[in-house]
Amino acid sequence: GAVVSQHPSWVICKSGTSVKIECRSLDFQATTMFWYRQFPKQSLMLMATSNEGSKATYEQGVEKDKFLINHASLTLSTLTVTSAHPEDSSFYICSALVAAGRYNEQFFGPGTRLTVL
Amino acid sequence: AQSVSQHNHHVILSEAASLELGCNYSYGGTVNLFWYVQYPGQHLQLLLKYFSGDPLVKGIKGFEAEFIKSKFSFNLRKPSVQWSDTAEYFCAVTSRGYQKVTFGTGTKLQVIP
Numbered sequence: 270g271a272v273v274s275q276h277p278s279w280v281i282c283k284s285g286t287s288v289k290i291e292c293r294s295l296d297f298q299a300t301t302m303f304w305y306r307q308f309p310k311q312s313l314m315l316m317a318t319s320n321e322g323s324k325a326t327y328e329q330g331v332e333k334d335k336f337l338i339n340h341a342s343l344t345l346s347t348l349t350v351t352s353a354h355p356e357d358s359s360f361y362i363c364s365a366l367v368a369a370g371r372y373n374e375q376f377f378g379p380g381t382r383l384t385v386l
Numbered sequence: 013a014q015s016v017s018q019h020n021h022h023v024i025l026s027e028a029a030s031l032e033l034g035c036n037y038s039y040g041g042t043v044n045l046f047w048y049v050q051y052p053g054q055h056l057q058l059l060l061k062y063f064s065g066d067p068l069v070k071g072i073k074g075f076e077a078e079f080i081k082s083k084f085s086f087n088l089r090k091p092s093v094q095w096s097d098t099a100e101y102f103c104a105v106t107s108r109g110y111q112k113v114t115f116g117t118g119t120k121l122q123v124i125p
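Heads up: the sequence lines are chains Y and U, in that order.
At position 50 of the first sequence the residue is numbered 319 (the numbering used here), and the sequence of numbers has no breaks.
At position 21 of the second sequence the residue is numbered 33 (the numbering used here), and the sequence of numbers has no breaks.
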């Protein structure tokens, strides 16, 4: 199956700093990637849809100025958490879409655990 | 809009017991259905998926799921669970023309040795 990687796998930062998380599709090209966050013992919550070469589409309630998404190539999307605060601590997961006709499936990265002190 | 509900939030079973986790979705069109597993401290892994054809889908690690269109259900089953199946299980759906994945709230399975 298609492989998606994320880097870093975990990061600890001080409050007020910015953190960049990378999501790469390793063996396929993905025009569409998604970013999720998962709080402890909860399901995945979609944050935004990242489209190569265009602006990301954010879900309701997600601050686009705080969570900057860049999808500059067909294999890389980045999520930057700007001016991070402790409440931004979470597990961030990306996925890459493979779609053809009625078939569409997302392949998930291993996630990045962010801890903001 | 599509939605997914998992009615079992926390299931506790003894080893060798049979498992069935419920999943119902709401969407009137053609759907793609998935079950994912998340072991403690690990990332999401695909257990099985249904796109079309045989409604009984077999996945990895002895899991299977049955798509019953009339009931809008896609229940996950395993005839005999093991302690290593302790994990959280998520049902998910996408649909033709709607690429976002909608996840259920998850079911935490605890298998007691």
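C-beta atoms are modelled at their ideal positions from N, C-alpha and C, and glycine is treated no differently.
Just so you know, these numbers come straight off a predicted model, no measurement behind them.
Put simply, the CB of Leu366 (chain Y) is near chain U, with a gap under 9 angstroms to one of its CB atoms. In this structure Val123 (chain U) does not touch Thr106 (chain U) by the C-beta definition: roughly 29 angstroms separates them, more than the 8 angstroms allowed. In the DSSP annotation of this structure, Lys333 (chain Y) is not part of any beta strand (DSSP E), being labelled neither H nor E. Boundaries of the beta strand (DSSP E) harbouring Tyr305 (chain Y): 301-307, taken from the DSSP string. At a cut-off of 9 angstroms between C-beta atoms, Thr351 (chain Y) does not count as an interface residue with respect to chain U. A contact is defined here as three or more CB-CB pairs under 8 angstroms, and the region 20-29 of chain U fails this definition with respect to the region 64-71 of chain U. Asn44 (chain U) reaches chain Y at Arg371, Tyr372, Asn373, Glu374, counting residues in chain order whose Cβ is nearer than 9 angstroms.
Nearest CB-CB separation between Thr98 (chain U) and chain Y: not below the 9 angstroms threshold. A straight line joining the alpha-carbon of Ala299 (chain Y) with that of Pro125 (chain U) spans about 42 angstroms.
Put simply, of Y:Tyr361, Y:Ser346, Y:Ser284, Y:Asn373 the residue whose alpha carbon is nearest the alpha carbon of Pro379 (chain Y) is Y:Tyr361. By the Cβ neighbour-count rule, Ser319 (chain Y) is buried, with 16 or more other Cβ atoms within 10 Å of its own. Of all residues in the region 292-303 of chain Y, only Thr301, Phe303 place a beta-carbon less than 9 angstroms from a beta-carbon of chain U. The three-state reading of DSSP puts Glu27 (chain U) in coil, since its state is none of H, G, I, E or B. Taking the CA atoms as reference points, Arg293 (chain Y) sits about 13 angstroms from Ile338 (chain Y). Distance check between Trp304 (chain Y) and each of Y:His340, Y:Glu356, Y:Asn373, Y:Thr384 places Y:His340 closest, using alpha-carbon atoms only. Sorting U:His55, U:Arg89, U:Gln111, U:Val93 by C-alpha distance to the C-alpha of Cys35 (chain U) places U:Arg89 at the top. Residue-level contact by beta carbon holds for Phe377 (chain Y) and chain U, with a gap shorter than 9 angstroms. By the criterion of a C-beta distance shorter than 6 angstroms, Lys335 (chain Y) is surrounded in its chain by Thr351, once the five residues flanking it on both sides are discounted.
Cβ-Cβ distances below 6 angstroms link Glu374 (chain Y) to Val367 in the same chain, with the five nearest sequence neighbours on each side left out; the list follows chain order. For Val288 (chain Y), the pairing in a beta bridge is given by DSSP as Y:Val350.
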